[in-house]
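Residue numbers (the numbering used here), protein chains in the order written: chain P, 1 to 115; chain F, 116 to 229.
A virtual CB, placed ideally from N, CA and C, is assigned to each residue, including glycine.
One structure is given below, encoded as structure tokens.
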Amino acid sequence: DAGVIQSPRHEVTEMGQEVTLRCKPISGHDYLFWYRQTMMRGLELLIYFNNNVPIDDSGMPEDRFSAKMPNASFSTLKIQPSEPRDSAVYFCASSHSWGSNQPQHFGDGTRLSIL
Amino acid sequence: GDSVTQMEGPVTLSEEAFLTINCTYTATGYPSLFWYVQYPGEGLQLLLKATKADDKGSNKGFEATYRKETTSFHLEKGSVQVSDSAVYFCALRGITGGGNKLTFGTGTQLKVEL
Chain P
1 DAGVIQSPRH EVTEMGQEVT LRCKPISGHD YLFWYRQTMM RGLELLIYFN
51 NNVPIDDSGM PEDRFSAKMP NASFSTLKIQ PSEPRDSAVY FCASSHSWGS
101 NQPQHFGDGT RLSIL
Chain F
116 GDSVTQMEGP VTLSEEAFLT INCTYTATGY PSLFWYVQYP GEGLQLLLKA
166 TKADDKGSNK GFEATYRKET TSFHLEKGSV QVSDSAVYFC ALRGITGGGN
216 KLTFGTGTQL KVEL
């Protein structure tokens, strides 16, 4: 079975540019999570969706960050304008809501470098 | 709120040594507990889980027992291999956020040398 698919795997762009990260969750999973991982701050939850609806975006660092989930099989995380401090690895994860013991399944991440 | 505390890394061991990575937690109610592993350049993968007190999760020679009395979920392996070198994350899924958010520890890097 296909896991969580993220694209691109690597992104290098200049400060001020718009960046769009993409995620396809595992089919049938109704929760989708976006995380950011840095050496300084570790793994941070940015936002999560249930049935395509944003439930908690308290981790989104600034208004420059936005996330959407137009349907059950696709989500985007957008940064506009991007800044060097946004450089990090961004992970998408999905899970099934049935039962509290359901784990989250992670994609391989997008390594973002803002110059 | 919920929190997870892991031992600081990096942990450096020789091949075939015994591994323990300590993890303690604070949570309301009865959370589910997980260990995830992250190999270089990859996302986190579920290693094992336990959903109630005294449950033992196990996978690939790794084990962890859910100890409610000590609020701990220490990861152990009897004989590590070089291929076990990775970062290990302890996590819990509690009732915070409707029971669908994971709270992660900071991760412990394991280096296994020949």
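Taking CB distances under 8 Å as the criterion, tell me whether P:Tyr-48 reaches chain F. By 1-based counting over the first sequence, the position of residue 48 of chain P is 48. It does: the Cβ of P:Tyr-48 has a partner Cβ on chain F nearer than 8 Å.
Is the beta carbon of P:Leu-45 sitting closer than 8 Å to the one on F:Lys-175? Against the first sequence, residue 45 of chain P aligns to sequence position 45. Against the second sequence, residue 175 of chain F aligns to sequence position 60. No, the Cβ-Cβ distance between P:Leu-45 and F:Lys-175 is not below 8 Å.
Residues bridged to P:Gln-102 (per DSSP): If you number the first sequence from 1, residue 102 of chain P lands on position 102. P:Gln-102 is not bridged to any residue.
Reduced DSSP category for F:Val-197 - H, G, I as helix; E, B as strand; rest coil: Against the second sequence, residue 197 of chain F aligns to sequence position 82. Helix, per DSSP.
In terms of alpha-carbon separation, which member of P:Arg-85, P:Arg-22, P:Tyr-31, P:Asp-86 lies closest to P:Pro-54? Residue mapping note: residue 54 of chain P aligns to position 54 of the first sequence, counting from 1. The shortest C-alpha separation from P:Pro-54 is found at P:Tyr-31.
Along the chain, where does the beta strand (DSSP E) that runs through F:Tyr-145 open and close? Taking the second sequence and counting its residues from 1, the one referred to as residue 145 of chain F is at position 30. Element bounds for F:Tyr-145: n/a, residue is neither H nor E.
Would the region 189 to 206 of chain F count as touching the region 128 to 136 of chain F if we require 3 or more Cβ pairs under 8 Å? yes
Got a sec: is the Cβ-Cβ distance from P:Pro-84 to anything in chain F below 8 Å? As a first step, residue 84 of chain P is located in the first sequence; it is residue number 84 there, counting from the start. No, because no Cβ of chain F sits closer than 8 Å to the Cβ of P:Pro-84.
In angstroms, rounded to a whole number, what distance separates the CA positions of P:Gly-42 and F:Gly-222? Locating residue 42 of chain P in the first sequence gives position 42, counting from the first residue. Locating residue 222 of chain F in the second sequence gives position 107, counting from the first residue. Distance between the alpha carbons of P:Gly-42 and F:Gly-222 is about 8 Å.
Answer yes or no: does any C-beta atom of chain P fall closer than 8 Å to that of F:Glu-157? On the second sequence, residue 157 of chain F is found 42 positions in, with the first residue counted as 1. It does: the Cβ of F:Glu-157 has a partner Cβ on chain P nearer than 8 Å.
Measuring only between beta-carbons, confirm whether F:Lys-164 sits less than 8 Å from chain P. As a working note, residue 164 of chain F is residue 49 in the second sequence. Chain P, which has a Cβ nearer than 8 Å to the Cβ of F:Lys-164, makes this yes.
Which residues in chain P sit within 8 Å of F:Phe-149, going by Cβ to Cβ distance? Mapped onto the second sequence, residue 149 of chain F falls at position 34. Pro-103, listed in chain order.
For P:Ala-93, which residues does DSSP report across the bridge? The count along the first sequence starts at 1 and reaches residue 93 of chain P at position 93. P:Phe-33, P:Phe-106, per the DSSP bridge assignment.
Extent of the continuous beta strand (DSSP E) to which F:Gly-176 belongs: Walking along the second sequence from the start, residue 176 of chain F turns up at place 61. No beta strand (DSSP E) contains F:Gly-176, which DSSP labels as neither H nor E.
If you draw a straight line from the alpha carbon of F:Leu-163 to that of P:Ser-75, how long is it in whole angstroms? Against the second sequence, residue 163 of chain F aligns to sequence position 48. Against the first sequence, residue 75 of chain P aligns to sequence position 75. Each residue's alpha carbon lies about 27 Å from the other.
Anything in chain P within Cβ reach of F:Thr-221, meaning under 9 Å, just list it in chain order. Start at 1 with the first residue of the second sequence, and residue 221 of chain F comes out as number 106. In chain order: Gly-42, Leu-43.
Is there a C-beta anywhere in chain F that falls below 8 Å from the one on P:Gly-28? The count along the first sequence starts at 1 and reaches residue 28 of chain P at position 28. With 8 Å as the cut-off, P:Gly-28 does not count as an interface residue toward chain F.
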